[in-house]
Each structure stands twice: as structure tokens, then as C-alpha cells.
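First up is the structure itself, then whatever we jot down about it.
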Amino acid sequence: MLGLALASFPFLWLYYEMPKEIVALLGSGPDQIPRLFGIELPGQAFGLVIDRPLVLGLQCLILLALVVINLRFRFWISRLRNLTLERALRRIRFQILALVLRFPLHAFRQRTAGETLAAMGGDLESLCGHVGDTVSVPAYQGGTLAVIMIFLIWQDPLIAAAAASIYPLSMVVVPHLQRKVNELSRERGGLMRGLGERIDETFRLVTDIHANDQTRWTRAWLGAQLAQIFRVRFDIDQRKFAIKAINTLLQQTGPVLFYGAGGLMVLEGRLDVGTLIAAIAAHKDMATPWRELLDWYQGREDARVKYENVLRLFNRPDLLPESRDALPDEAVNFRGQAITVEDLVVRDEGDATRLDRVRLTLAPGRLTALVGPSGGGREVLAQALCGLVEPAAGRISIAGQDLARLPASLVNRRIAYVGPGSGLQARSIADNLAFGLQRQPGGGGGQDLREALLSGNPADPIETDWVDYAAAGVADRESLRLRMVELLTRLGFGDGLFRLGLQARLPAGADDRLRAGIVAARAALAEALHARGLRGLIARFEDDRYNDHATLAENLLFGLPTDPAIDADRLADHPLIHGLLERSGLLGRLFGAGKTIAAVMIELFADLDPGHEMVRRFALVTPAELRHLSAIAGHPEAALTRADRALLTNLPFRVVAARHRLNALDDGLKAAVVRARHQLRDAWPGAGIARFDADAVNPAASILDNVLFGRIASDRAGAAGQVPALAAEILDGLGLGVALRLLGLDFEVGIAGARLSLGERQRISLARALLRRPDVIVLDDVLGALDSTCRGDILSILRDEASTGVTVVAALGDAGHAEGFDRILTLERGRILQPG
Amino acid sequence: MSLSEDAATLAAVPLFQGVDPARLKLIAFAAERLTVPAGTELVRQGEAGDAVYVVLSGEASAFVTVAGGGELRVGPVPAGTLFGEVALLADVPRTATVRAEGEMAVLRLDADLFFDLIQEFPAVGIAVMRELARRLDRSTTLLHSR
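As they're listed, the protein sequences go chains Z and L.
Numbering of the first sequence is given in my numbering, commencing with residue 41 and proceeding in unit increments.
Numbering of the second sequence is given in my numbering, commencing with residue 2 and proceeding in unit increments.
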């Protein structure tokens, strides 16, 4: 950047020089030889007579070129500056996150995500803003200042000394004030992190805050932190202004000095007036670069404090050693090996002893239960066995190798841990199951890797397939998915997975066998219902009949919209459909029906507040719509706005005739809707609507709805329970059980798995551990959260695993759950009570 | 069947006597109207309760399973009766099985709706209390006469 800045100076000088050249040209006589930059031009060149207008044109062209060149330089310099800045930001942010991954686990009991976020935010950004300016500002402004000083010394050394005499003073005063500002900045950093911490806690404990009626106290508590931040920030602002003010004062007393000292010299005849004026002008020019330098100095000090703050926060003395990513072919094998624990001592961050000289040998292929009171050491021992807590003394070794000396990535591959903190990511079930198998990026992919390397970021592309199929003992993605289904089924999640599959839509790339199977199941279901005399339980979609159990919108489209521009609740707003409804005379009928519906809604819910729970749950309209409908209820038709008419016309689309029983949809309207359905299909057969087709799978409907090919007759007792059960039975009978469970794997579990029950989440965590075929399985307080059937299933799976040489250790909160284990160890106050 | 007709049927139910007709229409709207083929078990003894039912037309019978394993018919459930509320109010499993004798029409009010109605419209709550008290009185009389 320095080179670029230096290279730009000559062009800048030429740019300032050009006007002078032009003036010189204009001032010269017609007989003078035109000059350019002091060089006499030849009278003729390339067959052209070089006269003054031509030279003027040439000069203007050069001036234009210089403008463009200078702009290019500015562009390059600013691009370079922004690149430096953004790379620095990316680098430091990544370094912080990488350091967080190296925190010892107990550090997460003291640190919160909010705090980290606060440190990563504004502070870091301004720090990196300064990084962009580190070189350019002092180089450019300092250079300018130096040039002016040289000019002054050239004029008169005495005046130069007088002009410079101000600066030592500000060089003493300013840093002194700045020190105080730095101190305050440090405090501000701490306070901002404190705020992050409090926000974090508020989010985490929001239920408790409401349940204990602590909102008022919490408001005050948050406000108190803001008050402190306010005080410090205000103080900083004031002091920063004071620094600037002192500087300005010194700057502006300069001319007084010049007038005094210089004036005296002029009067004594030792200095001519021109020099004095020039010196004063030069001194004025010094003000801008000096102020810039001062700003730069303040920015630098600010950045330094922030950097120290961040460093202190994240560069903890107890960071775990930088872990080496183990290579995939590098392998240790713990299977069939005993684990030896020798005089293991573990202390927590408060130096309290959590494990006290524990000696133990865990034989391979056996199930060991760790029981005892909470805090007695069972959890710590379980975590220590996986290398998750660091021993203060003693060691744990497997197959003669010290666990602490092996790279963590290698150890954690062979030892699986499921604990109370195990959770799910907001991805699909399959992605969550493969979480333990993501070992290294697959081939291909990866954009901007060069930029990532320049910013010190990882060059591992995230888009590629990271799954190590061999580690799961399978050849490819399909067999891995089959294994996932098999595992989850063994863990008692098979039915749940099947249900999720029923609710899923058929993905675009699904194979034809599944498609054919679903259509076959549709026919089989109709037949089965017919055979049992229960045909009426489903109102099937029929092309020439109105379906009383489907919404009016579904009846009109005879399908489901796939184009987001088609809103099933506001079909009349869609230009094409609107035109069709108008031509077929339906628009008026719908408006009439809408008025009837509005009247009934107002009558039913009139006495309730529109925001009432019952309105929200049962009304066909939203509370806001109900409020609006009540407001326009008495208006004459002519007074209705376009939006009011559209609202009323659109109301019938959501009505299910058989369920809502509003009498708003008469037979004439229904027949007209069926006619309009046919017209719509003829006019607009293309995309946007996935139509019901008896011989094809509807991609916009769930698998279950596809098998029903109709709507469950909600007015038939027991239909809602019987029909899906029968459909599931038929699908299973057709051999589609596995295919549907595979679809269920793609279910998105939501943030922290919120869309699944606790038991389901635990089963997935367990399956995740089992999927990667570990040699040691450690379960920390997991079994207690499960029902007894599931516990039995898991125990039998663990037993199977143990028979292949896997060592199983489970910390149990309830000693009663230890039944079926080979060995039970009780830990109390960090010691093993009864060696089993 | 339209909403107004259902509301009219509800008005004839002794339980809802004294409840404002507009309310009855709301109840009819929020509830599910079910047609019940003969022989269908609407509630089964021992299962968890999730709804109450009002018989609009037709008749059902209530049965309890006795110690020997046999079934004892404890009484008819004629049109206009509310049943299934005990399991909801006392939070106990269904105390009897109710089976349709012929084709019936019933209104099914799920637990949330039932409690909403009681809270929102005191008249409904009082009606339920009156029905329960009447039944208690019947049981007491029955005990005395034995």
C-alpha cells in the first residue's frame, strides 16, 4: 500500500502542475514556442502544425487523463484498504471462534454466547477499521506534514522552530489525556460484555422470570447495566472532545505566535512580509494533516485497548492444546481393550476435588453402571473417560496408550459420549445422525478458498459431502440411510419415523417404485374401506363433484397451489383466476356468500373480544379480520372499498362445507365452482397448481393425503383415527415401510430439535453415537430420561454391542436403572465406594 | 345439517336450557358434529378422556365392565344428554363405555373447548353443575332405596 501511495504522488503533483502550465500557455505570446513541462515542442509533428490551440487541446486531454489516473489510484488504495480491513476482521473473528473451541469445558459454565457475540461485534469492527488505516494515514499525512516542515525550514529556520514548538506540548498533554480515555475504553468493553451476559441470561431464563414475576426486577437489572455503560460512554465522549479542543487551541495560538515573533522580525527588517504570510499559510496547511494524525493516534489507542480486551477474554491460560486433525486413515483401535484408570484426580475450576484418586479397570465387552448421588463423581468420571475433562493427576489408558497424550480427534472417534448436554442441530434427522461421521470434506466444491486462506480461515469447503461412510461400515449414502432407519427402529423410533414419513411430501427425485406404491396403496385403501362398509369415511376427490370435506379453494383449483403467487385463501386476488371468476359469474356469488359468512362470524363472536383465544382457535377469520368485518358490517354496499369487497369475496375460499355448516355455500354455488374448475383447467393447464390425479402422486400433498386421495369425513365418528391407521397398515403391507421411514429421515427437527419430543431427541442422540461404531460407549445420565420400554431396548442393543468387544459405561441418576448391568460402581464424594 | 338446526337441537337439550341461543350457535360451530353408525363405541372404559359429547339424535347405552369380565348395562344415553364430562372434570379414565344403539348424531366438544365454554359462559358451567347434581341426587336416591 505504501508503494501504491508513493507511486500516486508524481501524478498528483502533475495534476496540481497542469493548471499552471495552461495559464503559462495562455499568457505567452503567439510567436513564442509552446512548451509542455518546460520542454520546447517541435514546430511540426506527424504532419500537424503544433500551434497554441492544439497544445491547449493536448494539455486539456492530459489533465483529463490525470483526473482518471488519480481516481484509479484512489480506487486501488481504497480497495486495498478495504481488503486489508475485511480480511483482518474475518481473521480475528475466526481466531476468536477457534479459541472458543479450545476452551476447557468448565469455561462454558462461566462464559456465555452473548458475551462472545458482544466482543465479536462493534468493538472488533472498529478495531479492524483501524487496521485498514495503520499504514496509509501516517504515511500520507505524515509525509504531507514533513513536506510543509521542510518548506518552513527553507523559508526561515526560526519560524519553523516557532511553528513546531507547539507540537511537543500537545505531544505531552494529549497522550496523558488519552491514557484516561484508554482506561475508560477498557471499562466500556467489560460493561458491554456484561450486557451481553445479562441479555443471554434473560433469554435463557425467560420462563423463570415470568414464572417468578421478576419482569420488573429484570427491567431494572438490565437498565442498571445500561446506566453504567451510559456513564462511561459519555465520559469517553467528553474526554475525546477535550483532547481535540486542546489540540485546536494549540493550533490556533500558532498564528498569534507568528504575528508576534514574526511581526517583530519584520519590523526589525530581518524578515520580509511575504515570507511571514507564506509561513502562516503553510502553518495553516499543517492543521489538517496534524488533526488527521491525532485522529489516527486516538483510533490506534482505542484499537489497542480493544485488542487487549479481546485477547484477555479469549486467550485464556488454560486453553486446550491446539488439536491436530487426525487423518482418516490414522487409526487407533480400542475394541476389546481394557480401560485402566490410575489414581485419577479431577479438580474443578474452584479447585474442589471432584474425583479423588480413583483406581479402576474396566474390562472390555462388559456393561458398567456408575451410580451414586449427584455430584458424587459419576458424571465427572464418565466425562473423564472420554477425555472431556482433564485430569489433575493420574491417568486413563486404553490398550496401554495414555488417553491424554493421543490427539483428541482420534480418541473421540473411537469413544462415543452421550450426555445431558447432547443436543440436535437445526437440520434434518439424517444430518443429525451423520454428525459424528463428518470427518473430512469430500472432493470438489469450495469457492473462494484462496480468500479464506488469505484471511487465515479454514480452507475446508462446507458444501461437500463430509460423511465418512467407511467409519459407519457402509459403502454409500443409500446404505447409510438404511442403517439409520434400522438403528432408529431398534431404538423404538421406527413408528415415529414412519409417521414423519407419512407427513412428508414426495421429493422430486423419488424413485418410481415408491410412486407406484403410493398409487397402489390409494386403490388398496379404497378397496379395504369398501370391504368393511366404511367407504364414507373418506370423501374422495372426484373431477365432476364438489367435495364437502375440502375447502372451496381446493374444490376450485382441484389441486394444491405450488406457485407461491397463488394464495389459496385469496384466490380472487390472483389476476388470472379473478378474470375467470368474473367471466363465469362466480365473483358475485362469492361476494354474497362472503357476506353471509361475515354475518355469521360477527353473530357468533360478537360478545367476545376479537383477540380472545376462542376467536383465534375457532373463527374462520383472524382477529384482525373480525375487527374489520365488524366495522364495515353496517355499511351499504356502495360504501365498501375495493379492499373490503376483496376481503368478503375471498372469505368463502377457506370454508369446508361439511365442517363449518354455515349454509353459505348452496348447491348452485357448488355446481358453479365445479364448472369453474373445468374452465380453469382448460384455460390454465400449466404449472402453479398440482392437480389431483387419481393415477399420479401429488407432489404438493403429504404421502398420507396422497394415499387417501380425498379428505377424511370429519363428521364420521372415529374416521380421524381409523383412516390414517388403515392407510399406514396398507403402506406397510405393500412393503413401503422402509421407504417411508427413509423419507422420515429428512424431517427437519427445528432449533435444538424442538419439533421432536425429549424421548425422540434422546433416541437420535443415541443412534448418532451407535452409528459410528465406537469401541467405547459412555452414557452420562441418558437412560433416566427414557421410558422403561425404551430403556430395555437400549440395554439389549448395548448388550449386542458389548458382545463384539465394546466397553459400555453408563452414569445413572437412579440406581434402580442399573438392573441388567454386569457391574455397578457407586461413587460418593469423588471416590468409588464398593469396588464391584 | 346446518349450524342453525344444530343450535335449535341444542336448545331442546335440557342441559342447555337457559343458555342464550347465540351461545348455542357458537357451541355448535366450535364443536364437531359427528354421525355415528350403530354399534360404534364413542368412549371406552379405562381410556383417557379427551372430549365430551352431546347426543343430538338417536340413543346410546352406557356399559361398565364388571369384575368377572362381563359387561353391565348401566343405563340409556338418550338424545339431549351430555356425557364424558366426568373424565375431564375429575381427570380420571373413562368410567364407562358408551355404544350407539342405532344411528346417532352427536356433537363432540374437545377438552379445550369444553373448559373454554365453562369459563367464558357461566350459564354453561351452571348447566353442567346442575346435570352433575341431578345425577348425584339420582345415585343417592338409588342408594337409599336399596
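For every residue, glycine included, the Cβ atom is placed at its ideal position computed from N, Cα and C.
Keep in mind the model is a prediction, meaning the values are calculated, not measured.
Is residue i near residue j, with beta carbons less than 8 angstroms apart?
i, j, result
"ALA97/L", "ALA63/L", "yes"
"ASN373/Z", "ARG130/Z", "no"
"VAL458/Z", "VAL822/Z", "yes"
"ALA161/Z", "LEU125/Z", "It should be noted that the sequence gives Gly, not Ala, for residue 161/Z. Taking 8 angstroms as the Cβ cut-off, GLY161/Z and LEU125/Z do not qualify as a contacting pair."
"THR401/Z", "LEU865/Z", "no"
"VAL129/L", "ARG95/L", "no"
"ASP396/Z", "ARG871/Z", "yes"
"ALA510/Z", "ALA612/Z", "no"
"MET887/Z", "ALA31/L", "Because chain Z spans 41 through 876 in this model, residue 887/Z falls outside it and cannot be assessed."
"VAL411/Z", "ALA842/Z", "no"
"ALA593/Z", "PHE693/Z", "yes"
"VAL747/Z", "LEU565/Z", "yes"
"ASP358/Z", "GLY434/Z", "no"
"ARG877/Z", "ARG279/Z", "Nothing can be reported for residue 877/Z: it is not among the residues displayed for chain Z, which extend from 41 to 876."
Using the Cα positions of residue i and residue j, report the straight-line distance between them to the nearest angstrom.
i, j, result
"TYR347/Z", "LEU164/Z", "8 angstroms"
"ASP815/Z", "ALA456/Z", "8 angstroms"
"ILE73/Z", "GLY67/Z", "12 angstroms"
"VAL99/L", "ALA9/L", "24 angstroms"
"ARG572/Z", "ARG831/Z", "39 angstroms"
"LEU425/Z", "GLN265/Z", "42 angstroms"
"GLN46/L", "ARG34/L", "22 angstroms"
"ILE743/Z", "SER3/L", "32 angstroms"
"ALA768/Z", "ALA734/Z", "19 angstroms"
"PRO413/Z", "HIS857/Z", "14 angstroms"
"ASP833/Z", "LEU110/L", "38 angstroms"
"LEU334/Z", "GLY169/Z", "16 angstroms"
"LEU139/Z", "PHE732/Z", "55 angstroms"
"LEU311/Z", "GLN195/Z", "10 angstroms"
"ALA683/Z", "LEU616/Z", "18 angstroms"
"PRO215/Z", "LEU54/Z", "38 angstroms"
"THR41/L", "ALA61/L", "9 angstroms"
"HIS718/Z", "ASN690/Z", "20 angstroms"
"VAL882/Z", "PRO601/Z", "Residue 882/Z falls outside the range modelled here, since chain Z spans only 41 to 876, and no answer is possible."
"LEU304/Z", "MET326/Z", "23 angstroms"
Here's the rule I'm using: 16 or more other beta-carbon atoms within 10 Å means buried, otherwise exposed. How should residue i be labelled?
i, result
"GLN465/Z", "exposed"
"LEU114/L", "buried"
"THR391/Z", "Checking the sequence, you will find Asp at residue 391/Z rather than Thr. It counts as exposed."
"PHE270/Z", "exposed"
"ARG453/Z", "buried"
"MET524/Z", "buried"
"HIS589/Z", "buried"
"VAL849/Z", "buried"
"TYR54/L", "buried"
"THR142/L", "exposed"
"GLY876/Z", "With a pLDDT of 47 at GLY876/Z, under the threshold of 50, the modelled position of that residue is not reliable, and the figure given next carries that caveat. Under this definition GLY876/Z is an exposed residue."
"ASN222/Z", "buried"
"GLN181/Z", "buried"
"HIS323/Z", "buried"
"LYS60/Z", "exposed"
Going by Cα to Cα distance, which pick from the options is closest to residue i?
i, options, result
"PHE645/Z", "LEU4/L, LEU27/L, ASP21/L", "LEU27/L"
"ARG394/Z", "GLY376/Z, GLU430/Z, ALA403/Z", "GLU430/Z"
"HIS555/Z", "LEU81/Z, LEU771/Z, ARG119/Z", "Position check: residue 555/Z holds Arg in this sequence, whereas His was assumed. If we check each option's Cα against that of ARG555/Z, LEU771/Z comes out closest."
"ALA579/Z", "ALA147/Z, VAL213/Z, ILE752/Z, THR242/Z", "ILE752/Z"
"GLY294/Z", "ARG256/Z, LEU351/Z, ALA201/Z", "ALA201/Z"
"GLY777/Z", "GLY339/Z, TRP724/Z, LEU540/Z, PHE134/Z", "LEU540/Z"
"PRO676/Z", "GLY761/Z, LYS635/Z, HIS570/Z", "LYS635/Z"
"VAL65/L", "LEU137/L, PRO77/L, GLU104/L", "PRO77/L"
Taking only beta-carbon atoms, is residue i less than 8 angstroms away from chain C?
i, result
"ALA23/L", "The displayed structure is made up of protein chains Z and L, and chain C is not among them."
Under 7 angstroms from any heavy atom of the ligand GTP, does the C-beta of residue i make it?
i, result
"ALA568/Z", "For the structure depicted, the ligand GTP is absent and the ligand set is empty, with no information on it obtainable."
Ignoring anything shorter than 4 residues, give me the alpha helix (DSSP H) runs that lie fully in the region 269 to 349 of chain Z, in order along the chain. 303 to 307
May I have a chain-ordered list of the beta strand (DSSP E) segments no shorter than 3 residues that lie completely inside the region 404 to 435 of chain Z? 407 to 411
Counting only runs of 3+ residues fully inside the region 520 to 571 of chain Z, write out the beta strand (DSSP E) ranges in chain order. none
Can you list, in chain order, the stretches of the beta strand (DSSP E) that have 3 or more residues and sit fully within the region 639 to 724 of chain Z? None, since the region 639 to 724 of chain Z contains no complete beta strand (DSSP E) of that length.
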